[in-house]
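Asks: Right, I'll just put the structure down here and ask away after.
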Amino acid sequence: MTAYDDGVYTATTAAQRDVEITLEFALNQDKELDRLAHAKYLTESLRGLPSSLKVLDASRPWLIYWSLHSLLTLGISLDQSSKARAINTLFKCMNPSGGFGGGPGQISHVLTTYASVMSFVIAGGPGQGNGWDDIDRKGIYSFLMRMKQQDGSFIVHEGGEVDVRGCYCALAVATVLDILTPELLDNVDTFVASCQTYEGGFSACNNGGLQFGEAHGGYTSCSLSALTMLDSTRSSKLNTMFDLDALLRWSVHMQGLENELGGFRGRTNKLVDGCYSWWLGGSFSLFEYWQQAHDINCEDSEEANWVDEESCLYDREALQGYVLNAAQNAKGGLRDKPGKNPDTYHTAYNLSGLSASQHYIKYDSDRARQLAMNFVHNDDNDIPTERTLERASIRRFAYSSAMAWMPDKAAKSVRGGGSNITNPTHPIFNITISKSLAALKYFYCQ
1 MTAYDDGVYT
11 ATTAAQRDVE
21 ITLEFALNQD
31 KELDRLAHAK
41 YLTESLRGLP
51 SSLKVLDASR
61 PWLIYWSLHS
71 LLTLGISLDQ
81 SSKARAINTL
91 FKCMNPSGGF
101 GGGPGQISHV
111 LTTYASVMSF
121 VIAGGPGQGN
131 GWDDIDRKGI
141 YSFLMRMKQQ
151 DGSFIVHEGG
161 EVDVRGCYCA
171 LAVATVLDIL
181 TPELLDNVDT
191 FVASCQTYEG
201 GFSACNNGGL
211 QFGEAHGGYT
221 SCSLSALTML
231 DSTRSSKLNT
241 MFDLDALLRW
251 SVHMQGLENE
261 LGGFRGRTNK
271 LVDGCYSWWL
281 GGSFSLFEYW
291 QQAHDINCED
301 SEEANWVDEE
311 SCLYDREALQ
321 GYVLNAAQNA
331 KGGLRDKPGK
341 NPDTYHTAYN
351 LSGLSASQHY
361 IKYDSDRARQ
371 LAMNFVHNDD
381 NDIPTERTLE
391 RASIRRFAYS
401 SAMAWMPDKA
411 AKSVRGGGSN
421 ITNPTHPIFN
431 ITISKSLAAL
441 KYFYCQ
C-alpha cells in the first residue's frame, strides 16, 4: 500500500502518508538487535508494573507469557527465583473448576489458559515445585469441554462470546497437555473453516455462515494454526474445507512495500504494525505444510512450484529490517512502529516474527512418520472419553505432528549477522522449539 489518494483526502490515506514519512528515516539503517536493552525492559516488566497499567490486571498470565517468551527468544535465561515467582503467580490464577483466569480469583478464560500453560512450558519443568506435575490437566479438559459449543466453536469464558482464537487456544493447550479427545475435536474443523472471508483471510467468527467478516491477521494466524493441528488427525477432507490459494494471496498482500520497510499490516487498507511480523510473517511455514501434506499448488500454473521457492512467498530480509530498524525502542522493548511506546505484547510478537523470518521452520514428514511408528501408548484414564480407540489414534498423530517441526539450518538467513540471531520458535505454539519438544515428550510420556 502507498498513500495514493487520487487527489481526494481521506483519513486512511493521510494516516498512511504519515507512516511513510515516519519510516523514511529507517530506510537505509541497519540496526543490531539490542539484546541487553530488551532484556532489561522485560525483566523490569516481570518485577511489576506501575498503577497506571491496572487495566491489565486481568491479563497477568499474558504479561508473564509475553515477557518469558521474549527473553527465551532472545536467548536469555531467567534466574531460578524469577521462574519460581512466575510459576507461583500462575498457580494463583488456576481455578478449582478448571482453567486459568486473568488473575487470582478471576473466572477462567480460554485465552488466559493458553497463556498460562505456555508460560508453564517456558518457566517450568518436571519434578516437585517446577510446575508441570501440578497442572490440573483433567480440570482444564473439563473447562474446555464446558466452553465447547455444538457447532465446534468455543466461547472464551462462561457466558462469553464465540471467537476463533478460542478454538486455537483450546487446541494448542490440549495438544501440549495431551488432553485431546474426539469429543473436544468434533465439528471444530467445520467452524474454523467457516470463518474464512471473501478476502481469503479469516475473521473472528463465521457471521451466521456468511463470508462478510473482515479478514484479520491475528484471527488468520489462529485459524490456520488450528486447522494445521486438526489435520494431524489425518482427515482426508480438511484441505477441501478452506481456500488455501485465497488465503495465501491475501497474506502475501498484507506485507508492506519498501517505503513501509516490509512490515505487515493486519487488515486491508490498514497501517503496518510490528505485531503482525508474527501473526502473518510467522504463518508461511504452515503454507508449505499444507502443500506437502495435500499436494496443493497455486492455481496459476506459472507458480506451480511456489512452495519450493520459499523466499518468494514473502520478503524475509525486509521483515527483519522492519523489526530491527522500526520496531526497536532505544530504551528497550519493541513497538508497533516509530512514535509508539513499547509494550510486552509487541515485544513478544516482533521477536517471534524476527525469529520466523530468520529460521526456516519445516515440517519433516519423515520424522513425523518415525515418531508415529515409535509412539508408546500408555494407560491414560484421567481424561474422560467414550471413544477410546479414536483418542489413542489422535494422541499418536497429534504428538508426532507437533514434534515434526524443525529448523532447516541450510535455509537460515540472519540480516546483520550472528549478533542478531534469535532462538527458533514453534510455528504453531509460539514458544521456542526446544521447550515445545521437551513439554510434548513429558506430557505424552515418550
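Residue 1 is where the sequence shown starts when you use the UniProt record's numbering, and the numbers rise one by one after that.
Ideal Cβ placement from N, Cα and C applies to all residues, glycine included.
Going straight from the alpha carbon of residue 499 to that of residue 241, what length do you get?
Replies: Because the chain here runs from 1 to 446, residue 499 falls outside it and cannot be looked at.
Asks: With distance defined between alpha-carbon atoms, name the residue in 376, 395, 257, 412 nearest to residue 383.
Replies: With distances taken between Cα atoms, residue 383 lies closest to 395.
Asks: Unbroken alpha helix (DSSP H) runs of length 4 or more, entirely within the region 95 to 123: which are they?
Replies: Here the runs fully enclosed are 110 to 123.
Asks: So what's residue 402 in DSSP terms, helix, strand or just coil?
Replies: helix
Asks: Restricting to Cα atoms, I'd like to know which of 415, 439, 414, 157 is closest to residue 426.
Replies: 439
Asks: Just how far apart, CA to CA, sit residue 50 and residue 135?
Replies: Whole-angstrom Cα-Cα distance: 30 Å.
Asks: Keeping to the same chain, check which residues put their C-beta closer than 7 Å to that of residue 74; ignore five residues upstream and five downstream.
Replies: Answer for residue 74: 35, 38, 39, 351, 422, listed in chain order.
Asks: Going by DSSP, what residue range makes up the beta strand (DSSP E) through residue 362?
Replies: Unbroken beta strand (DSSP E) run through residue 362: 360 to 363.
Asks: Return the CA-CA distance between residue 141 and residue 174, expressed in angstroms with no decimal places.
Replies: 7 Å
Asks: Starting from residue 277, follow the alpha helix (DSSP H) in both directions and report where the run begins and ends.
Replies: 276 to 279
Asks: Give me the residue from 278, 401, 322 with the minimum Cα distance to residue 355.
Replies: 278
Asks: Can you look up residue 61 in the DSSP assignment and give me helix, strand or coil?
Replies: Residue 61: helix per DSSP, three-state reduction.
Asks: Output the boundary residues of the alpha helix (DSSP H) element that contains residue 130.
Replies: Here residue 130 belongs to no alpha helix (DSSP H), and DSSP marks it neither H nor E.
Asks: Put residue 14 into one of helix, strand or coil per three-state DSSP.
Replies: helix
Asks: My guess is that residue 223 and residue 192 are in contact by the Cβ rule of under 8 Å, so how many angstroms apart are they, rounded?
Replies: 5 Å
Asks: Between which residues of its own chain and residue 326 is the CB-CB distance below 8 Å, once the five residues before and five after are set aside?
Replies: 23, 26, 261, 263, 274, 337, 338
Asks: Taking the straight line between their C-alpha atoms, what separation do you get for residue 180 and residue 165?
Replies: Between residue 180 and residue 165, the alpha-carbon positions lie close to 17 Å from each other.
Asks: Please state if the CB of residue 218 and the CB of residue 266 are separated by a distance shorter than 8 Å.
Replies: yes
Asks: Considering only C-alpha positions, which residue in the set 30, 64, 419 is nearest to residue 431?
Replies: 64
Asks: How long is the line joining the alpha carbons of residue 416 and residue 257, rounded to whole angstroms?
Replies: One C-alpha to the other measures close to 20 Å.
Asks: With DSSP as the reference, label residue 310 as helix, strand or coil.
Replies: Reliability fails at residue 310, whose pLDDT of 46 lies under 50, so the model's placement of it is uncertain and no value is given.
Asks: Considering only DSSP beta bridges, list what residue 155 is partnered with.
Replies: According to DSSP, which records beta bridges pairwise, residue 155 is partnered with 162.
Asks: CA-CA distance, residue 373 and residue 168?
Replies: 27 Å
Asks: Would you mind sorting residue 343 into buried or exposed? The rule is 16 or more other CB atoms within 10 Å of its CB.
Replies: buried
Asks: Mapping the DSSP letters down to three states, classify residue 446 as helix, strand or coil.
Replies: If DSSP states are grouped into helix, strand and coil, residue 446 belongs with coil.
Asks: Looking at the secondary structure, which residues open and close the alpha helix (DSSP H) in which residue 228 lies?
Replies: 217 to 231
Asks: Just list the residues that DSSP pairs residue 148 with in beta bridges.
Replies: 154
Asks: For residue 385, count neighbouring Cβ atoms within 10 angstroms of its own Cβ and tell me buried if that reaches 16, exposed if not.
Replies: buried
Asks: What is the DSSP secondary structure of residue 6, counted as helix, strand or coil?
Replies: coil
Asks: Taking the alpha carbon of residue 231 as the point to measure from, which residue in 98, 363, 70 has its own alpha carbon closest?
Replies: 363
Asks: Based on the DSSP secondary-structure assignment, which residues constitute the bridge partners of residue 255?
Replies: Partner(s): 264.
Asks: Report the rounded CA-to-CA distance for residue 104 versus residue 253, giving the unit in angstroms.
Replies: 42 Å
Asks: For residue 441, is the classification buried or exposed, using 16 other Cβ atoms within 10 angstroms of its Cβ as the cut-off for buried?
Replies: exposed
Asks: Taking the alpha carbon of residue 445 as the point to measure from, which residue in 107, 177, 106 has its own alpha carbon closest?
Replies: 177
Asks: Over the uninterrupted alpha helix (DSSP H) stretch that includes residue 89, give me the two end residues.
Replies: 80 to 92
Asks: State the beta-bridge partners of residue 328 as determined by DSSP.
Replies: 334
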